[in-house]
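Respectively, the protein sequence lines represent chains A and B.
Residue numbering for the first sequence follows the numbering used here, starting at 1 and increasing by one per position.
Residue numbering for the second sequence follows the numbering used here, starting at 286 and increasing by one per position.
No residue lacks a Cβ here, since even glycine has one placed at the ideal position from N, Cα and C.
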Amino acid sequence: MSLNRRTFFKAMGATAVALSFGKQTAANNATVSETELNGILYDVTRCKGCHGCEYDCADAHGFTDIDIPKNPPFRRTDEKHRTVVNHYETSQGKLPRKTQCMHCNQPACDAACLTQAMHKTPEGPVIWREDKCMGCRYCMISCPFDVPKFEYESTNPRIVKCDMCIDLINQGEIPACAYNCPEEALIYGKRSELIREARKRIHDEPEKYVDHIYGEHEAGGTSWLYLSPVPFDEIGFNTKIQNSSYPALTKGFISSIAPVDILLPAVLLGIYEATKTSANKEEEQ
Amino acid sequence: MSTTISKVEPKQKENMLHFIISELKPKGKIFSPFNIVSFPIMIVGLVIIFLRFKNGIGSVTNLSQDVPWGLWIGFDVVTGVAFAGGAYVLVFMVNILNLKKYKPILRITVLNGFLAYLFYSAALLLDLGRPLNVINVVIGNNYGVSSVLFLVGWHFLLYMLALLIEFSPAVAEWLNARKLHRFLTAISMGAVIFGITLSVLHQSGIGALFLMAKDKIHPLWYNSYLPLLFVVSSIFAGISMVIFEGSISHRVFSNQLAPEDHHKHNSILTGLSKICALGMFVYLSLLILVFVHEQNAVYINSPMGYWFLVEVIGFVLFPMLLFFFAYRTHNTLLSRIAAIITLLGIMLNRMNISIICYRWDAAERYIPSWQEFVVTLTIIFIEIWVLRWIVRRMPVLHRSPDWVGGGH
């Protein structure tokens, strides 16, 4: 068994290639600037809980037979329902809350996806791309909001989640739920402007709102923003969500890979050479 | 292989064909107890795999929107990779540290590792919703380089190649291909060095997979040191598997062994017990460090806390002491018992992180369906069948042919 210099350098070259890939991604992430992102502001105080957005969403995504019962029990989004409105008993009576993908600024699903099927578009929506996905469901493990859903009963399953009607946005229109909301509880716009609008509403009517915009900082900031008259845990929000982004949790590990890939072979080679010589010496004696 | 065959005379070529055909025939008893048990299970398993591709993953598994990874990932992949860690540890000891004592068990361990990886990737493909798109990751259509899973996948794939190269001299010896053997032996040192590096990274990478599931795994099991804990525990998990598997294969394949290798085995077991005890001591220290650092004491007085203590005391501390005494008293039976408890403990730990304590607070718990168990068993049985086929033919346990210099 021997390792000549050429194989060693070849291997080093391969590692360097791996390294340069790593650098490329860092650059890609930086180009998605937060100020250009679009988003939707959802004001719980304006929402009447009519479930209209659920029907509009189903229409826009080709689901025809959705059936929402009167006085519906607590429901969750699934592979047939990209958005769901639930009613919560709170300190201020019954309040509705719409659930869907939060479209994080730095999405965990996007960082988790090994084929870039989950993708944060520069426009703001986080979308899923059918031709790339291999169905590993790591996005479902990673998403702190449990948004991606999987078609377990299909032979060619898709990941289903809110895509903020990316097709409509690309045609210069606005997402179906925001377009059709009769109470203007949902407004679509630039994320930075929505935050300004939300602050203004809190400032103008401080007794009406809790002083917090859910989604401004949660999970590193999300494109969906919420205003509520009651503390957010009362209307089913996960308030344990950390304020830094979820991909940041794996950053340390990922950045340590390249150094280990380069340094460990060198160390191993060193140990190999050292033990080889001493073993030879023993044999000579 | 094709180059060597083309160089030999036509008559020899015919001989080679005869040789391969004769080797394909079974060499052991057909109606052995193992065959009688495993064969029906494999048939049922293959039918379930067929149904999975015909009707979708949901038709045979109990996976849900809350629990997207079940037994096929939690056991077959996450636990299985830790069990296969013996290959890189032994390769490091024999080829890098030059500890010649462990050389007799090197080939069987590398072969075990290679087959484990091969079949766990097969299990992984079953679990993928759109398995054909795996090609996207390989051909570079879409590199998700910021994904931990991407890095694990690539390290996994390259490591399989490294293991194949490390084992390939045995195949060349079996085929009596001397030129090929010289070439494969020459490149195997590169495979050794990169194999160890790739192992360290993908063993830790499997722990890193769960880093983003911060709010979903019970805080006693989730911490930012998961990658480190996974790589340290893979060392003694892998060696325990070597001890466990070695004690079985030494009984089953005892006719393959030279008498002096039989004798050497006890001293090898003692040495491995010592390494396990040390590895587990480091692991336990890390666990205590994390426990104190993350201020986890508040969770201990709860059902999940007791469960955590069962894992740490019953399946880490206890087998660690057993290994230590086994080493001090040269008691091989004790080594084997400790190895089995350690393996159960690793299984428990990996299943806790990926299944049991993942969504521990969910209203509906995931319990694997019987089909998931049968498919898991099927994969293990096929692997054992292939392993047996190779061990009975190639110089894995028995000595290399005389034309190979320096024994194996």
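Taking C-beta separations shorter than 6 Å and ignoring five residues to either side along the sequence, the partners of A:Met-140 in its chain run Pro-148, following chain order. Neighbours of A:Glu-153 in chain B, taken as residues whose beta carbon is under 9 Å from its own, are Asn-340, Gly-341, Ile-342, Gly-343 and Ser-344 in chain order.
Sequence-ordered contacts of the region 643-660 of chain B with chain A are nonexistent [C-beta pairs closer than 7 Å]. According to the DSSP assignment, A:Arg-201 belongs to the alpha helix (DSSP H) that extends over 191-204.
The beta strand (DSSP E) runs lying completely inside the region 215-261 of chain A and spanning 3 residues or more are 224-227, given in chain order. In this structure, DSSP gives A:Tyr-88 an extended state, which the three-state scheme calls strand. Bridge pairing for A:Phe-150: A:Ile-159 [DSSP]. Residues of chain B with a Cβ closer than 9 Å to the Cβ of A:Cys-101 do not exist; the shortest Cβ-Cβ separation is about 14 Å. For A:His-119, the enclosing beta strand (DSSP E) covers residues 118-120. Taking 8 Å as the upper bound for CB-CB distance, A:His-61 and A:Arg-82 are in contact here, some 6 Å apart. For secondary structure counted as the alpha helix (DSSP H) over 4 or more consecutive residues, the region 633-679 of chain B holds these complete runs in sequence order: 655-676. One Cα belongs to B:His-683, the other to B:Leu-607, and the distance between them is close to 31 Å.
Where A:Tyr-209 is concerned, there is no enclosing beta strand (DSSP E), because DSSP gives it neither an H nor an E. The beta carbon of A:Ser-228 sits no closer than 7 Å to any beta carbon of chain B. In this structure B:Thr-614 is exposed. Its beta-carbon is surrounded by fewer than 16 other beta-carbon atoms within 10 angstroms.
Close to chain B, meaning a Cβ-Cβ distance shorter than 8 Å, are the following residues of the region 233-263 of chain A: Asn-238, Lys-240, Ile-241, Gln-242, Tyr-246, Pro-247, Leu-249, Thr-250, Gly-252, Phe-253, Ile-254, Ile-257, Val-260 and Asp-261.
Contact annotation: B:Gly-429 and A:Leu-114 have beta-carbon atoms nearer than 7 Å. Between the beta-carbon of A:Asn-86 and that of A:Ile-169 there is about 26 Å, and that puts the pair past the 8 Å contact cut.
When the five nearest sequence neighbours on each side are left out, the beta carbons in the same chain lying within less than 8 Å of the beta carbon of B:Leu-569 are those of Val-597, Val-601, Leu-602 and Met-605, in order along the chain. Within a 10 Å sphere around the beta-carbon of A:His-103 sit 16 or more other beta-carbons, which makes this residue buried. Measuring C-alpha to C-alpha distances from B:Phe-610 to each of B:Pro-318, B:Asn-380 and B:Ile-560 identifies B:Ile-560 as the nearest. Taken in chain order, the whole alpha helix (DSSP H) runs of length 4 or more contained in the region 314-355 of chain B are 318-340. Remark: three or more beta-carbon pairs, one from each stretch, lie closer than 8 Å, so the region 643-657 of chain B and the region 494-510 of chain B are flagged as touching. At a cut-off of 7 Å, the C-beta of A:Pro-144 has a neighbouring C-beta in chain B.
A:Asp-43 has A:Leu-227 as its beta-bridge partners, per DSSP.
Between B:Val-527 and B:Leu-483, the beta carbon gap of about 19 Å keeps them out of contact (Cβ cut-off 8 Å).
Under the DSSP assignment, A:Arg-97 falls in the beta strand (DSSP E) whose first and last residues are 93-99. As the crow flies, the alpha-carbon of A:Gly-236 is around 52 Å from that of B:Phe-377.
Of the other Cβ atoms in all chains shown, 16 or more fall within 10 Å of the Cβ of A:Lys-161; this residue is therefore buried.
At a Cβ-Cβ threshold of 7 Å, B:Ile-381 and B:Ala-522 do not count as neighbours. Taking a C-beta distance under 7 Å as the contact criterion, B:Ser-431 and A:Ala-111 qualify as a contact pair. With a threshold of 7 Å between beta carbons, A:Cys-136 makes contact with chain B. Between A:His-217 and A:Asn-243, the CB-CB gap stays under 7 Å.
The three-state secondary structure of A:Val-126, taken from DSSP, is strand.
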